[in-house]
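Worksheet: the structure to be examined is printed underneath.
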Amino acid sequence: RLRRLHGLGLRVLSVFDGASSPYKMAEDGTRAAKRDAASAQLAALEATRAASGAAESGEMRKAAQAAWRRTDEFESALKAALDAAGLKHETAPFEADSQLALLARTGAVEYVSRRMRTLSLTACRRCCATSTCTAARRC
Numbered sequence: 025r026l027r028r029l030h031g032l033g034l035r036v037l038s039v040f041d042g043a044s045s046p047y048k049m050a051e052d053g054t055r056a057a058k059r060d061a062a063s064a065q066l067a068a069l070e071a072t073r074a075a076s077g078a079a080e081s082g083e084m085r086k087a088a089q090a091a092w093r094r095t096d097e098f099e100s101a102l103k104a105a106l107d108a109a110g111l112k113h114e115t116a117p118f119e120a121d122s123q124l125a126l127l128a129r130t131g132a133v134e135y136v137s138r139r140m141r142t143l144s145l146t147a148c149r150r151c152c153a154t155s156t157c158t159a160a161r162r163c
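Letter by letter, the sequence shown follows residues 25 to 163 of the working numbering.
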């Protein structure tokens, strides 16, 4: 997706979360506990499936999605892939959402994607008119 946008002449900037905000420590703990519970549920479902020889279930997919956590290794590999593709990225001081809001407010970017919230774009109105994004504010 990012390469396609880049191919349309848009300058793409991916913004990653930085350090955890001190104000969200309790929320981070709650999320981690939910992921741990989902991991345990997934392990139990996998054991049941292996014993019965049944196919993967929707319940297993749901538990796997809830258990997924972004690791430092995954983020490093993703950044390396962006580098290899010639796509820019940066890491926010804290949360990417705040950094994206700052970039948009200061005019450093023209558009922040809603689908991929860690993506911001700089583009002119003409480029946006020929693609699916139509929210460029100025050229």
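We put the CB at the ideal spot given by N, CA and C, even for glycine.
For the 8 Å CB-CB criterion, His113 and Leu37 form a contact. If you draw a straight line from the Cα of Ala57 to the Cα of Glu99, it is about 21 Å long. Among the bridge pairs identified by DSSP, Phe40 is matched with Thr115. The beta carbons of Gly42 and Ala132 sit no closer together than 8 Å.
Around Arg27, the same chain offers Ala109, Leu111 as residues with beta carbons nearer than 8 Å, after the five sequence neighbours per side are excluded.
In this model, Thr130 and Gln123 are separated by some 11 Å (Cα to Cα). An exposed status is given to Ala61, since fewer than 16 other beta-carbon atoms sit within 10 Å of its beta-carbon.
Assignment of Arg35 by DSSP, reduced to helix, strand and coil, places it in the strand class.
Distance from the CA of Asp52 to the CA of Ala105, rounded to the nearest whole angstrom, comes to 27 Å. In its chain, beyond the 5 residues on either side, Val136 have a beta carbon closer than 6 Å to the beta carbon of Ala128. Burial state of Ala101 is exposed, judged by a 10 Å Cβ sphere holding fewer than 16 other Cβ atoms.
Taken atom to atom, the span from the alpha-carbon of Ala71 to that of Gln89 is near 17 Å. Checking the DSSP bridge columns, you'll see Tyr47 has no partner listed. By the neighbour-count definition (other C-beta atoms within 10 Å, threshold 16), Glu83 is an exposed residue. Contact between Ala79 and Gln65 does not hold, since their C-beta atoms are separated by about 18 Å, which reaches or exceeds 8 Å.
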